[in-house]
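Single-structure report; data block below.
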Amino acid sequence: MNALRLCPILLLGRLFLPAQDLKQFEKKVTDFTLPNNLHFTIVERHDAPVVSFHTYVDVGSVDDPSGETGLAHMFEHMALKGTETIGTKDWANEKKALDAVEEAYDKFEAEQNKGPKGDQSRVSYLQMQLKNAIDRAQTYVLPNEYARIIEENGGVGANATASADATEFFYSLPSNRIEVWFLLESQRFLHPVFREFYKERDTVLEEHRMHVESSPQGRLLRQFRNTAFDAHPYRNPDRGWPSDIQALRRREAQDFFERYYVPGNMNIAIVGDVNPADARRLAEKYFGPMAARPLPPVVRTQEPPQAGPKQVAVETASQPFLFVGYKRPDQYDPSDAVFDVIQFILHSGRTGWMYKEMVQDKKIASSVVAAATIPGGRFPNLFVFYAVPSVGHSADENEKAIDDIVQRLKNQRVDAETLERAKTQARGEAIRRLSNNPELAKVLTTFYGAYGDWRRLFTAVDDLNKVTADDVQRAARRYFVPASRTTAYAVQPSQPGPRPPAGVTRK
Numbered sequence: 062m063n064a065l066r067l068c069p070i071l072l073l074g075r076l077f078l079p080a081q082d083l084k085q086f087e088k089k090v091t092d093f094t095l096p097n098n099l100h101f102t103i104v105e106r107h108d109a110p111v112v113s114f115h116t117y118v119d120v121g122s123v124d125d126p127s128g129e130t131g132l133a134h135m136f137e138h139m140a141l142k143g144t145e146t147i148g149t150k151d152w153a154n155e156k157k158a159l160d161a162v163e164e165a166y167d168k169f170e171a172e173q174n175k176g177p178k179g180d181q182s183r184v185s186y187l188q189m190q191l192k193n194a195i196d197r198a199q200t201y202v203l204p205n206e207y208a209r210i211i212e213e214n215g216g217v218g219a220n221a222t223a224s225a226d227a228t229e230f231f232y233s234l235p236s237n238r239i240e241v242w243f244l245l246e247s248q249r250f251l252h253p254v255f256r257e258f259y260k261e262r263d264t265v266l267e268e269h270r271m272h273v274e275s276s277p278q279g280r281l282l283r284q285f286r287n288t289a290f291d292a293h294p295y296r297n298p299d300r301g302w303p304s305d306i307q308a309l310r311r312r313e314a315q316d317f318f319e320r321y322y323v324p325g326n327m328n329i330a331i332v333g334d335v336n337p338a339d340a341r342r343l344a345e346k347y348f349g350p351m352a353a354r355p356l357p358p359v360v361r362t363q364e365p366p367q368a369g370p371k372q373v374a375v376e377t378a379s380q381p382f383l384f385v386g387y388k389r390p391d392q393y394d395p396s397d398a399v400f401d402v403i404q405f406i407l408h409s410g411r412t413g414w415m416y417k418e419m420v421q422d423k424k425i426a427s428s429v430v431a432a433a434t435i436p437g438g439r440f441p442n443l444f445v446f447y448a449v450p451s452v453g454h455s456a457d458e459n460e461k462a463i464d465d466i467v468q469r470l471k472n473q474r475v476d477a478e479t480l481e482r483a484k485t486q487a488r489g490e491a492i493r494r495l496s497n498n499p500e501l502a503k504v505l506t507t508f509y510g511a512y513g514d515w516r517r518l519f520t521a522v523d524d525l526n527k528v529t530a531d532d533v534q535r536a537a538r539r540y541f542v543p544a545s546r547t548t549a550y551a552v553q554p555s556q557p558g559p560r561p562p563a564g565v566t567r568k
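Using this note's numbering, you'd call the opening residue of the sequence shown number 62 and step up by one each time.
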């Protein structure tokens, strides 16, 4: 579950990031936008000869086209596959082989789509022809060459992530290898090749089997999201639905790339031992040739108002566990900081209400989590409670304990000590991300991608400082209500649902 990581309190003596801190930080920042609308944020930190790079694309699984779920996630897998000059033995012939794969796939798909009217022997023959074409294209591939070049130049942490809201690519290099990053990263976007697409598609299917089908928690989380959202694409798994994944085509990825991977929908942060003037010169040289294109379409589908509580159960022979979620506004709502503070009140190590009451005192749970923003924040989402009952205790007991904690938030003003501790921990999490170059690069791109201004990081901390006990109580009373609630249970096979059995949908 994409819960925020809870960390030790850092810089405990500092209760806020004052305005002068922003002014001091700004002295180290240079940001600029190329004529094609690609934005760069450069932060100078010369204490070590290392530079961290982070590319943020404002596209996630929420943007997957209908019937093509999992497409955004595929770009996480394609990140290090190379370019027209890297990762190939012979690009001209590899391109012909890749085109031949698509021609073979078209024939196979056309016959397969005839269904019962099709010739099954011909389907099998065309499937073999497709496999042979894929195998031929593979003979031109130099596996892992792109990653090898990064490593040979001292690169570390090369990776990519794709979530509900965004896709991100990142690694660090020695500062005397900065131009290597500009060359490698720009070529991926200027000349995408989608090499080994079908091989990686199979990898995504295997991930789904491991993390969802073979994981009781994964299956329950999938059903939880699918139940909580009736219409909005937050209901879909980030990796996509298996039937969609296994039908994804390379040309669909190309169309998706051209629609969403446009300069104005991307931003890049570079943090470390970097000269801003050099970075700008290299940005213009390598990323300037990217053509400006229209911004992608926005997500049209809106979630209708929830008419009442929802429940779902997944049968599993494993130990019981549950999710309880309440609908909440998106990250642009004034109450966003309040939900962050509530998360830290409930889930902040051994001082959090959930741990203290459910794990330490009542001993009815072995693990508890509160997460303020699931599965993403761009659109109205969920505040989620998660509990794993301890041996001899039930999901029903844990649900009742969560209900009691929710009622406590509604009926009692949080005391000053608890509120300040939660705000301090939340601020500590924000400040921690300023001290680490890769984390800072990530958070700068995230805030720029979400708000169009990295300075929102500082105002977000100010928003935490302003949260009051009345704000907490008001948000709990307004949003933690039965009508906006979804509960998902793991239950033993052929046993009645925990509470109540009537109306619980089993999956």
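We put the CB at the ideal spot given by N, CA and C, even for glycine.
Please read these numbers as outputs of a predicted model, since none were measured by experiment.
CA-CA distance, A208 to V429, rounds to 38 angstroms. DSSP places E240 in the helix class (H, G or I) of the three-state scheme. If you check the CB distance, T200 and Y509 do not come in under 8 angstroms.
Within the model, the alpha-carbon separation for T116 versus K424 is close to 44 angstroms.
Apart from the 5 residues on each side of it in sequence, N498 sits with its Cβ closer than 6 angstroms to the Cβ of S113, V332, G333 in its chain, given in chain order. Sequence-distant Cβ neighbours of N459 in its own chain, meaning closer than 7 angstroms and more than five residues away, are L383, M419, I425, A426, A448, P450.
Taking a C-beta distance under 8 angstroms as the contact criterion, Y540 and R342 do not qualify as a contact pair. Per DSSP, V420 has no beta-bridge partner at all.
Residues D524, L525, V528 of the same chain have their beta carbon placed closer than 6 angstroms to that of A398, with the five preceding and five following residues left out of the count. With respect to the C-alpha of S545, the residue from T520, A537, G369, K471 having the closest C-alpha is G369.
In the DSSP secondary-structure assignment, E376 is bridged to V552. By the Cβ neighbour-count rule, T94 is exposed, with fewer than 16 other Cβ atoms within 10 Å of its own.
For S545, no alpha helix (DSSP H) run applies, since DSSP gives it neither H nor E. If the five residues before and after Q188 are omitted, its C-beta is found closer than 7 angstroms to the C-beta atoms of F169, all from its own chain and listed in chain order. The Cβ atoms of M139 and L251 lie no closer than 8 angstroms to each other.
Under the DSSP assignment, N526 falls in the alpha helix (DSSP H) whose first and last residues are 517-527. With respect to the 8 angstroms criterion, I211 and Y232 are classified as neighbours on the basis of their beta carbons. Of the residues V162, N205, G215, G218, the one whose Cα lies closest to the Cα of D196 is V162.
Look at S224 here: in three-state DSSP terms it is coil, with no helix or strand label. Judged by pairs of C-beta atoms under 8 angstroms, the stretch 402-420 touches the stretch 469-487, as three or more such pairs exist.
Nearest Cα to M135 within the set N328, E500, Q315: Q315.
Beta-bridge pairing by DSSP links L443 to K388, I435. In this structure, the beta-carbon distance from K503 to E87 does not fall below 8 angstroms. T130 is positioned such that its CB atom lies closer than 8 angstroms to that of G301. Relative to G148, the option among A198, R106, K192 whose CA is nearest is A198. Secondary structure at V112: strand, using DSSP grouped into helix, strand and coil. M271 sits in a helix when the DSSP states are folded into three classes. Ranked by how close their Cα comes to the Cα of D531, the residues T144, A487, T507, L470 have L470 in first place. Distance check between R286 and each of D160, A171, V375, V90 places V375 closest, using alpha-carbon atoms only. Closest in C-alpha terms to I306, from the list A432, R320, D263, comes D263. Counting C-beta atoms within 10 angstroms of its own C-beta, G413 has 16 or more neighbours from the protein chains shown and is therefore classed as buried. Assigned with DSSP and collapsed to three states, P204 falls in coil, not helix or strand. A buried status is given to A456, since no fewer than 16 other beta-carbon atoms sit within 10 Å of its beta-carbon. For the options D226, P366, I466, A353, the alpha carbon positioned closest to that of V385 is the one of I466. Residues of the same chain with a CB within less than 8 angstroms of the CB of R411, apart from the 5 flanking positions on each side, are K417, Q421 in chain order.
Annotated three-state conformation of K461 is helix, per DSSP.
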